[in-house]
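**Student:**
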Amino acid sequence: MKIGAYFKDNLYKLLVFIVCYVFNLLIFFAFKVDRSVIISSSFLYVICFLFILLIPYFRKKKFYDNLLANIESLDKSYLVLETLSKPEFYEGELLYQALYEINKSMNENVRLIEEHLQDFKEYIEMWIHEVKIPLSTLVLMSNNHKEQFDKKTKLQLKRLEDYVDQVLYYARSENAEKDYLIKEVDLSKVIKNVGLKNMDDLLENKIDYIVENVDYKILTDSKWLEFILGQIVNNSIKYKRNIDNSYIKIFVQEAQEKTTLVIEDNGIGIKKSDLKQVFDKSFTGENGRNTNKSTGMGLFIAKNMCKKLGHKIDIESKYNEYTKVYITFAKNKFYDVLK
Amino acid sequence: MIIEDEKLICNELSKLLENNNYEAVILKDFKNALNEILEVSPDLILLDINIPFINGEALLQNLRKESNIPVIMVTSINSETDEALSISYGADDYITKPYNPNILLLRIGAVLKRTKTNYNTNGNELIYKELKFDSQKGIIKKEDIEIELTKNEMIIFSYLLNHQNKIVTREELMTTLWDNSEYVNENALTVNISRLRNKLKEIGYVDAIDTRKGLGYILS
Numbered sequence: 149m150k151i152g153a154y155f156k157d158n159l160y161k162l163l164v165f166i167v168c169y170v171f172n173l174l175i176f177f178a179f180k181v182d183r184s185v186i187i188s189s190s191f192l193y194v195i196c197f198l199f200i201l202l203i204p205y206f207r208k209k210k211f212y213d214n215l216l217a218n219i220e221s222l223d224k225s226y227l228v229l230e231t232l233s234k235p236e237f238y239e240g241e242l243l244y245q246a247l248y249e250i251n252k253s254m255n256e257n258v259r260l261i262e263e264h265l266q267d268f269k270e271y272i273e274m275w276i277h278e279v280k281i282p283l284s285t286l287v288l289m290s291n292n293h294k295e296q297f298d299k300k301t302k303l304q305l306k307r308l309e310d311y312v313d314q315v316l317y318y319a320r321s322e323n324a325e326k327d328y329l330i331k332e333v334d335l336s337k338v339i340k341n342v343g344l345k346n347m348d349d350l351l352e353n354k355i356d357y358i359v360e361n362v363d364y365k366i367l368t369d370s371k372w373l374e375f376i377l378g379q380i381v382n383n384s385i386k387y388k389r390n391i392d393n394s395y396i397k398i399f400v401q402e403a404q405e406k407t408t409l410v411i412e413d414n415g416i417g418i419k420k421s422d423l424k425q426v427f428d429k430s431f432t433g434e435n436g437r438n439t440n441k442s443t444g445m446g447l448f449i450a451k452n453m454c455k456k457l458g459h460k461i462d463i464e465s466k467y468n469e470y471t472k473v474y475i476t477f478a479k480n481k482f483y484d485v486l487k
Numbered sequence: 286m287i288i289e290d291e292k293l294i295c296n297e298l299s300k301l302l303e304n305n306n307y308e309a310v311i312l313k314d315f316k317n318a319l320n321e322i323l324e325v326s327p328d329l330i331l332l333d334i335n336i337p338f339i340n341g342e343a344l345l346q347n348l349r350k351e352s353n354i355p356v357i358m359v360t361s362i363n364s365e366t367d368e369a370l371s372i373s374y375g376a377d378d379y380i381t382k383p384y385n386p387n388i389l390l391l392r393i394g395a396v397l398k399r400t401k402t403n404y405n406t407n408g409n410e411l412i413y414k415e416l417k418f419d420s421q422k423g424i425i426k427k428e429d430i431e432i433e434l435t436k437n438e439m440i441i442f443s444y445l446l447n448h449q450n451k452i453v454t455r456e457e458l459m460t461t462l463w464d465n466s467e468y469v470n471e472n473a474l475t476v477n478i479s480r481l482r483n484k485l486k487e488i489g490y491v492d493a494i495d496t497r498k499g500l501g502y503i504l505s
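Sequence order for the protein chains is A and B.
Numbering of the first sequence is given in the working numbering, commencing with residue 149 and proceeding in unit increments.
Numbering of the second sequence is given in the working numbering, commencing with residue 286 and proceeding in unit increments.
1) What alpha helix (DSSP H) runs, 4 residues minimum, are completely inside the region 293–324 of chain A?
2) My output table needs one value for S361(B): the three-state DSSP class, helix, strand or coil.
3) On the three-pair Cβ rule with 8 Å, is the region 473–480 of chain A touching the region 423–442 of chain A?
4) Once DSSP output is grouped into helix, strand and coil, what is the label at V228(A)?
5) If I measure Cβ to Cβ from M347(A) and keep anything under 6 Å in the same chain, skipping five residues before and after, which residues do I get?
6) Any beta carbon from chain A within less than 8 Å of T475(B)'s own beta carbon?
7) Measuring CB to CB, does L229(A) end up less than 8 Å from L247(A)?
8) I need the boundaries of the alpha helix (DSSP H) containing S188(A), first residue and last residue.
9) Of all the options F448(A), Y474(A), Y470(A), which has the alpha carbon lying nearest to the alpha carbon of H459(A)?
10) Of all the residues that make up the region 463–496 of chain B, which are near chain A by a beta-carbon distance shorter than 7 Å?
11) If we define contact as Cβ-Cβ less than 8 Å, is S284(A) a contact residue for chain B?
12) Does E457(B) have its Cβ less than 8 Å from a Cβ in chain A?
13) Check whether the Cβ of L293(B) lies closer than 8 Å to any Cβ atom in chain A.
14) With H, G and I counted as helix, E and B as strand and the rest as coil, what does DSSP make of Y384(B)?
15) Report the partner residues of D367(B) according to the DSSP bridge assignment.
16) Show which residues of chain B have a CB atom less than 7 Å away from the CB atom of Y357(A).
17) Rounded to whole angstroms, what is the Cα-Cα separation between S371(B) and M358(B)?
18) At least one CB of chain B closer than 8 Å to the CB of K397(A): is that the case?
19) Whose C-alpha, out of M453(A), S442(A), N292(A), is nearest the C-alpha of N387(B)?
20) In chain order, what residues of the same chain have a beta carbon less than 6 Å from the beta carbon of L373(A), not counting five sequence neighbours either side?
21) Going by DSSP, name the residue or residues bridged to V333(A).
22) Along chain B, which residues have their Cβ under 7 Å away from the Cβ of G343(A)?
23) Measure from the C-beta of M254(A) to each C-beta in chain B and report whether the shortest distance is under 8 Å.
24) Kindly indicate which three-state DSSP category L243(A) falls into: helix, strand or coil?
25) Please report the straight-line C-alpha distance between I311(B) and L302(B), rounded to a whole angstrom.
26) Look up L329(B) in the DSSP assignment and say whether it is helix, strand or coil.
27) I want to see whether chain B comes within less than 8 Å of M289(A), judged by CB atoms only; does it?
28) Looking at A369(B): is its Cβ nearer than 8 Å to the Cβ of L329(A)?
29) List the residues of chain B whose Cβ lies closer than 7 Å to the Cβ of L329(A), in chain order.
30) Would a check of beta-carbon distances place N292(A) closer than 8 Å to chain B?
31) I'd like the list of long-range same chain contacts for D314(B), defined as Cβ closer than 7 Å, with 5 residues on each side in sequence excluded.
32) Taking all protein chains shown into account, decide if L260(A) is buried (16 or more other Cβ within 10 angstroms of its Cβ) or exposed.
33) Tell me which residue opens and which closes the beta strand (DSSP E) that F477(A) is part of.
34) Kindly indicate if chain A contains any beta-carbon less than 8 Å away from that of P337(B).
35) Indicate whether V453(B) and L462(B) have their beta-carbon atoms separated by less than 8 Å.
36) Name the chain A residues whose beta carbon is nearer than 7 Å to that of S361(B)?
Now the structure itself:
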């Protein structure tokens, strides 16, 4: 609360005072009051006026200053009411009450939306589990009756499965509540599972899956990491170049504080202008537009999941040469001590 | 034994298992699941989590109080938490739907092998005609001739040997190799098989591995 602005706001009081005072002087003069009486009463008048002006200022200043400062310093400024004590002047009480009511109604609204979101997420998860039942039946049937289902059916089924998984992990990664379990995981096992899952696609597209030096243990949720790697490998398959020795190479760069997993391919790469945006939601870029197979969601979800798990994900690419994705896992010393 | 409430999956699953020389039984009465399991006393159980009356995890807990029959959880819930929970209840493996049938078979094989070697520590030696095959060291022995196999040849040979007199598809071999972290491509598989053939020929087994065009290979 600034004193200058406060005075400006109370200018009308000064005017009223001056007008009253002038009338008063006129009355004094009319009755020919003694000069010493005029001086002493004037002095009293001014003192009184200053008190009337300044006391409310100091009463209010503490409350409003607190309010403004706390709004500034809180990252969730709507919580400011919790930090204030109830003011002892009427205006303040009104404001306090109003803020309280506003807060309450907003909280109710937020809760409603959260409930809706939670319901929706639960429905999506349930739906995914349901849809996986006919999907697994089809996979089994395509295996048992090879004469009726050819390889193409299998690849299409796999695409279907990939899209369903994408929805599942999107729902999981967007959700505020914790939906993962971090423990020590064999990196080589995760890479193996990703390889097995994409084996048909890789063989069909004649892409070599080269895995080197991955016998490390890391702290992560293996299912989530499998999905993240799956998205990256899928992209490498989608955006391969028409050359004879296409490959995806997966290896680890070990440093003192961290373990970095590198997924490298010699596919069509990403143009510099697109590179910054590949992790953005719904971004497809030139490659996506050219192949028409891109949802622009895969890397966005992957990045979100990495953020939640505490991993870092980076990308590097040269158009028409290579793409490298780096996932960095921090080493947890505390965990080493526990072991 | 298959514990699963989806009829079609049950049928396809038991077909898959029977095609691969397993005997499959489907659980009929979910109300008395535990009694039925103990009565049948199978070598291995494929257990779905979402089954009527009692969920798979609870059934597993009850079963573990009575018996050590190996259990593979088969479920459409793909989450680390559920997996950790199932394993802590005593499941031997955890596979999510939709599963690759070849991988399912490999996991079944692995669990059975793991649980059986408890009784028989000499489980690494396989026998083919007059040959002794040590799958741990990768050595084939015929009387005193010893031939060393590379890791890939060894994986292929033991798979063929475990499926003797049956057609084995390239896809099955590929899955087995990849499951052992040997990420070979189509050419490499062909090369490995012809090398293996030559090695068998050296010790007198000409045409032991026969190619069935469009289908796969057979070890006779």
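Backbone N, C-alpha and C fix where the C-beta goes; we use that ideal spot for every residue, glycine too.
**Tutor:** In short, the structure shows the following:
1) Contiguous alpha helix (DSSP H) elements confined to the region 293–324 of chain A occur at 299–322, taking only those with 4 or more residues.
2) The three-state reading of DSSP puts S361(B) in coil, since its state is none of H, G, I, E or B.
3) Output reads no: the region 423–442 of chain A does not touch the region 473–480 of chain A.
4) The answer is helix: DSSP assigns V228(A) an H, G or I state.
5) Residues of the same chain with a CB within less than 6 Å of the CB of M347(A), apart from the 5 flanking positions on each side, do not exist.
6) Interface residue (Cβ-Cβ distance to chain A less than 8 Å): T475(B) is not classified as such.
7) Between L229(A) and L247(A), the gap from beta carbon to beta carbon is short of 8 Å.
8) Segment 183–221, the alpha helix (DSSP H) holding S188(A).
9) If we check each option's Cα against that of H459(A), Y474(A) comes out closest.
10) Contact residues of the region 463–496 of chain B toward chain A are W463, D464, S466, Y468, N470, E471 (C-beta to C-beta distance below 7 Å).
11) For S284(A), the nearest CB of chain B lies under 8 Å from its own CB, placing it at the interface with that chain.
12) No, no contact with chain A.
13) Judged by the 8 Å Cβ criterion, L293(B) is in contact with chain A.
14) Three-state result, Y384(B): coil.
15) According to DSSP, which records beta bridges pairwise, D367(B) is partnered with nothing at all.
16) Result: Y468.
17) Distance between the alpha carbons of S371(B) and M358(B): 7 Å.
18) Taking CB atoms only, K397(A) has no neighbour in chain B less than 8 Å away.
19) The option with the nearest alpha carbon to N387(B) is N292(A).
20) Cβ within range, chain order: V338.
21) Answer is I366(A), bridged to V333(A).
22) What G343(A) touches in chain B: W463, Y468.
23) So, not an interface residue.
24) Secondary structure of L243(A) (DSSP, three-state): helix.
25) The alpha-carbon separation between I311(B) and L302(B) amounts to approximately 12 Å.
26) Assigned with DSSP and collapsed to three states, L329(B) falls in coil, not helix or strand.
27) Cβ-Cβ to chain B under 8 Å: yes for M289(A).
28) Yes, the Cβ-Cβ distance between A369(B) and L329(A) is below 8 Å.
29) For L329(A), the chain B residues whose C-beta falls within less than 7 Å of its own C-beta are E365, T366, A369, listed in chain order.
30) It does: the Cβ of N292(A) has a partner Cβ on chain B nearer than 8 Å.
31) Excluding residues within five positions, the ones whose Cβ falls inside 7 Å are E321.
32) Result: exposed.
33) That run of the beta strand (DSSP E) goes 470–478.
34) Contacts with chain A at 8 Å (Cβ-Cβ) do not include P337(B).
35) At a Cβ-Cβ threshold of 8 Å, V453(B) and L462(B) do not count as neighbours.
36) Taking a Cβ-Cβ threshold of 7 Å, the residues of chain A close to S361(B) are H277, K280, I281, in chain order.
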